[in-house]
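A quick write-up on the structure given underneath.
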Amino acid sequence: MDPHSAIMDGSRVKPRLTQKLRMSPTRYEPIARLAAGGMAEVWKGRAIFQDGGSHPVAIKRVLPHLATEDMYRSMFEDEARLGMVLRHENVVRVYDARHVGGTYIMIMELVDGTSLKGLLDVAHARGAPMPVPSALYVGWQLAKALEYAHSATVDGKPLGIIHRDVSPHNLLLGRNGDVKLADFGLADASVHSTHLGEGMLGGKLGYLAPEMIRDEASTSQIDIFALGIVLWEMLCGRRLFQGATDAETVQAVARCDVPRASQFNRHVTDDLEELLRAILAPDPRKRIASAAECAGRLEVLIHRIDPDVSQRDVALLVGLHLATQKDKSSVPDAVAELLAQELALFSQQGDGGNLLELGAQALDPDSFFTG
0 MDPHSAIMDG SRVKPRLTQK LRMSPTRYEP IARLAAGGMA EVWKGRAIFQ DGGSHPVAIK
60 RVLPHLATED MYRSMFEDEA RLGMVLRHEN VVRVYDARHV GGTYIMIMEL VDGTSLKGLL
120 DVAHARGAPM PVPSALYVGW QLAKALEYAH SATVDGKPLG IIHRDVSPHN LLLGRNGDVK
180 LADFGLADAS VHSTHLGEGM LGGKLGYLAP EMIRDEASTS QIDIFALGIV LWEMLCGRRL
240 FQGATDAETV QAVARCDVPR ASQFNRHVTD DLEELLRAIL APDPRKRIAS AAECAGRLEV
300 LIHRIDPDVS QRDVALLVGL HLATQKDKSS VPDAVAELLA QELALFSQQG DGGNLLELGA
360 QALDPDSFFT G
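Numbering follows numbering that gives the first Met the number 0, in which position 186 of the sequence shown is assigned residue number 185; successive positions increment by one, without gaps.
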C-alpha cells in the first residue's frame, strides 16, 4: 500500500491505529489558556466521558483570521495527520481534529509543565547553563523522538518524516519529567504536501541548518543539526546563532561558527565536545549519521557522566521553574466563551465531523490517552 494513500484515507488506517471502540468523550471544556502565538493558541482543557469521568487535554485552536488561509489550513492538517499516526513516548499525541465555528481545533495530549524555551529563557537571562546530566538526558529523549519519527513507516514503507522545526519552543517538559516533541506542522513527509517556502516563515531562524540557508535539498540531517543547537544551548546557557536582525541570524547560521561549549561550562568534557562537533558539523555529509546514532552516543555519555540521571531531574528543574512564574493564563471572558461554544459544536459533530477521519475513535479513556 502506498504510504501517502494510507494516511490520507482514514478508512484504511483506522483498523491498524485503534482498539475496539468502547467509550468516547462526550464533550470538551476549556480551563485556561496556556499559550498564544502568531498562528494558534493552546488551552488546557478536559475531556468529559459518558460515565462522568474526565481527563486533561490540550486544545489547540487556529486563530480565526488565519483559518481561511490555505497555508495555515495545510499546516494544521499536516500536524494533525502525523500526530495521530505517530505513537511514541517522546512525541505529543493528537487525538482529534475538526473544522468548527470558522476555525480549526485539535485535541492533543496535555504536557503539564513548560516548554524547554521557557526554561532556557530564564537560564539565558542569568547566563546559567542547565546541569550537564539533565541537558544530556533531555537531548537523549529528543534524539529518541527523532529516531522514531525519521524511521516511521506505514505497511513497512517509510513515511520520510523530517520535523523541520526542532527547537526549544517545540520541546515540552512535564512536571513529571516527561520530554515530548510537539508541532509537526512544518514537517516534510511523503504523506502530505510540502510548503517550506512559505511555511518555514513559521520556524525559528536560529535553529536552521546551514544547508537550508544554501537552499539545498533537506534531509533528516537538518533535524539532527537542530538537536545539536538545542543541546549546545542547554549546556552553555546562551543562544548559539542569534543576531540583532533576522538577516544577521541567517548569516550566523551560514557561517556556522560554533564555539567550544567548555568555554561557557567547565563541566563539559572532551568526549561531549567531540559529540557536539559531530552533530554540528557544517557539512551534512560529515555530520553524525542518524538520530539513532546520536541517541546511542548520548546514552553512553550519560552512563559515563551520571548514570543515575532520570526524568526526576527534569521534573525538579520544571518544578523550580514553575514556582517562579506568574500566572499568565488570564484571558477575556468573551474569548473563553467563544472557545466553549466551538467545543460544543466540536462534540456535537460526532465521528462524521472528524476532519481527518482518524481521531477520537471512541476508545476506552485509558487507551485513548495512553495507548
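Think of the CB as a built atom: it goes at the ideal place given N, C-alpha and C, for glycine as much as any other residue. Since the model is a prediction, treat every value here as computed from it, not as a measurement.
My understanding is that Leu300 touches Leu274, with C-beta atoms under 8 Å, so please give their C-beta distance in whole angstroms.
To locate residue 300, count along the sequence shown from 1; it is residue 301. To locate residue 274, count along the sequence shown from 1; it is residue 275. The pair is a contact, with the Cβ atoms about 7 Å apart (cut-off 8 Å).
List the DSSP bridge partners of Phe48.
Indexing the sequence shown from 1 puts residue 48 at position 49. According to DSSP, which records beta bridges pairwise, Phe48 is partnered with Pro24.
Confirm, please, whether the CB-CB distance from Lys179 to Val91 is below 8 Å.
Residue numbering aside, residue 91 sits at position 92 when the sequence shown is read from its first letter. Residue numbering aside, residue 179 sits at position 180 when the sequence shown is read from its first letter. Yes. Within cutoff.
Would the beta-carbon of Gly173 fall within 8 Å of that of Val93?
Taking the sequence shown and counting its residues from 1, the one referred to as residue 173 is at position 174. Taking the sequence shown and counting its residues from 1, the one referred to as residue 93 is at position 94. In this structure, Val93 does not lie closer than 8 Å to Gly173 by Cβ.
Pull up the CB-CB distance for Arg60 and Ser53, whole angstroms please, since I reckon it's below 8 Å.
On the sequence shown, position 61 is the one that residue 60 refers to. On the sequence shown, position 54 is the one that residue 53 refers to. Rounded, the Cβ-Cβ distance is 20 Å, inconsistent with contact.
Secondary structure of His149, DSSP reduced to three states
Against the sequence shown, residue 149 aligns to sequence position 150. His149: helix per DSSP, three-state reduction.
Can you tell me whether DSSP reads Glu272 as helix, strand or coil?
Position 273 of the sequence shown holds residue 272. Three-state result, Glu272: helix.
Taking just the CA atoms, how far does Val229 sit from Lys43?
By 1-based counting over the sequence shown, the position of residue 43 is 44. By 1-based counting over the sequence shown, the position of residue 229 is 230. Each residue's alpha carbon lies about 26 Å from the other.
Buried or exposed for Gly37, going by 16 or more other Cβ atoms inside 10 Å?
Mapped onto the sequence shown, residue 37 falls at position 38. Exposed: under 16 other Cβ atoms inside 10 Å.
Runs of beta strand (DSSP E) lying entirely within the stretch 167-191, each at least 3 residues, in chain order
170-173 and 178-180
Give a yes or no on contact between the stretch 206-218 and the stretch 139-152, applying the rule of three or more CB pairs nearer than 8 Å.
no
Express the C-alpha separation of Met74 and Asn89 in angstroms, rounding to a whole number.
For the purposes of this step, residue 89 is identified with residue 90 of the sequence shown, where counting begins at 1. For the purposes of this step, residue 74 is identified with residue 75 of the sequence shown, where counting begins at 1. Each residue's alpha carbon lies about 21 Å from the other.
Could you say which of Asp95, Ala291 and Ala127 lies nearest to Phe263 if we only look at CA atoms?
On the sequence shown, position 264 is the one that residue 263 refers to. The residue with the shortest Cα to Cα distance from Phe263 is Ala127.
Grab me the residues of Gly117's own chain with a C-beta within less than 7 Å of its C-beta, minus the 5 sequence neighbours each way, in chain order.
Counting from one through the sequence shown, the residue named residue 117 turns up at place 118. So the list reads His320, once near-sequence residues are dropped.
CB Val137 to CB Val313, shorter than 8 Å?
Looking up residue 137 in the sequence shown gives position 138. Looking up residue 313 in the sequence shown gives position 314. Yes, Cβ-Cβ distance for Val137 and Val313 is below 8 Å.
Close Cβ partners of Gly370 (< 6 Å) along its chain, the five nearest in sequence each way excluded:
Position 371 of the sequence shown, counting from 1, holds the residue named residue 370. Because Gly370 sits at a pLDDT of 39, beneath the cut-off of 50, its placement in the model cannot be relied upon, and the following sentence gives the value as read from the coordinates. Contacts found: none.
CA nearest to the CA of Trp139, picked from Gly51, Glu68, Ala124 and Asp177
As a position in the sequence shown, residue 139 is number 140, starting the count at 1. Comparing Cα positions, the closest option is Asp177.
Which one of Pro281, Trp231, Val121 and Glu78 has the shortest CA to CA distance from Asp182?
Counting from 1 along the sequence shown, the entry for residue 182 is found at position 183. Nearest of Pro281, Trp231, Val121 and Glu78 to Asp182, Cα basis: Glu78.
As a quick exercise: from Gly100, Leu185 and Met105, pick the residue whose alpha carbon is nearest that of Arg163.
Taking the sequence shown and counting its residues from 1, the one referred to as residue 163 is at position 164. Taking only the C-alpha atoms, the option nearest Arg163 is Leu185.
Note down the Cα distance separating Gln49 from Val84, rounded to an integer number of angstroms.
Start at 1 with the first residue of the sequence shown, and residue 49 comes out as number 50. Start at 1 with the first residue of the sequence shown, and residue 84 comes out as number 85. Rounded to whole angstroms, Gln49 to Val84 spans 26 Å at the Cα level.
State the beta-bridge partners of Pro132 as determined by DSSP.
What you label residue 132 is simply residue 133 of the sequence shown in a count that begins at 1. In the DSSP output, where bridge partners are listed per residue, Pro132 has none listed.
Where DSSP assigns a beta bridge to Arg32, which residues make up the other side?
Along the sequence shown, read from residue 1 onward, the residue named residue 32 stands at position 33. DSSP output for Arg32 lists Trp42 as bridge partner(s).
Quick one: grab the DSSP three-state call for Val56.
Here residue 56 corresponds to residue number 57 of the sequence shown, with the count starting at 1. Val56: strand per DSSP, three-state reduction.
So for Leu100, helix, strand or coil by DSSP?
As a working mapping, residue 100 is identified with position 101 in the sequence shown. A small correction: the amino acid at residue 100 is Gly; Leu does not occupy that position in the sequence shown. In this structure, Gly100 counts as coil in the three-state DSSP scheme.
In this structure, what does DSSP give as the bridge partners for Thr113?
Here residue 113 is taken as the residue at index 114 of the sequence shown, counted from 1. Answer is Leu172.
For Pro157, the three-state DSSP class (helix, strand or coil):
Within the sequence shown, the letter at position 158 stands for residue 157. Here Pro157 sits in strand by DSSP.
If the criterion is Cβ atoms closer than 8 Å, does the pair Leu135 and Leu226 meet it?
Position 136 of the sequence shown, counting from 1, holds the residue named residue 135. Position 227 of the sequence shown, counting from 1, holds the residue named residue 226. Taking 8 Å as the Cβ cut-off, Leu135 and Leu226 do not qualify as a contacting pair.
How would you write the range of the alpha helix (DSSP H) that Phe240 sits in, first residue to last?
On the sequence shown, position 241 is the one that residue 240 refers to. Premise fails: Phe240 is in no alpha helix (DSSP H) and is neither H nor E.
Tell me whether the beta-carbon of Leu171 lies closer than 8 Å to the beta-carbon of Ser133.
Within the sequence shown, the letter at position 172 stands for residue 171. Within the sequence shown, the letter at position 134 stands for residue 133. No, they are not a contact pair.
Beta-carbon gap between Ala294 and Glu146 smaller than 8 Å:
Within the sequence shown, the letter at position 295 stands for residue 294. Within the sequence shown, the letter at position 147 stands for residue 146. Cβ atoms of Ala294 and Glu146: closer than 8 Å.
Evaluate His98 with the Cβ neighbour count: other Cβ atoms within 10 Å of its Cβ, from every protein chain shown; 16 or more gives buried, anything less gives exposed.
Here residue 98 is taken as the residue at index 99 of the sequence shown, counted from 1. It is buried - the Cβ of His98 has at least 16 other Cβ atoms within 10 Å.
Using DSSP bridges, identify the partner residues of Asp95.
Counting from one through the sequence shown, the residue named residue 95 turns up at place 96. Asp95 is bridged to Ile106.
Does the Cβ-Cβ distance between His123 and Arg265 come in under 8 Å?
Locating residue 123 in the sequence shown gives position 124, counting from the first residue. Locating residue 265 in the sequence shown gives position 266, counting from the first residue. No, they are not a contact pair.
To the nearest angstrom, how far is it from the Cα of Ile223 to the Cα of Gly51?
Residue 223 sits at position 224 when you count from the first residue of the sequence shown. Residue 51 sits at position 52 when you count from the first residue of the sequence shown. Looking at the two C-alpha atoms, the distance is approximately 44 Å.
If you draw a straight line from the C-alpha of Arg276 to the C-alpha of Arg296, how long is it?
Working through the sequence shown from its first residue, we reach residue 276 at position 277. Working through the sequence shown from its first residue, we reach residue 296 at position 297. Approximately 13 Å, taken between the alpha carbons.
Assign Gln220 to buried or exposed, taking buried as 16 or more other Cβ atoms, counted over all protein chains shown, within 10 Å of its Cβ.
To locate residue 220, count along the sequence shown from 1; it is residue 221. The residue in question, Gln220, is buried, as its Cβ has 16 or more Cβ neighbours within 10 Å.
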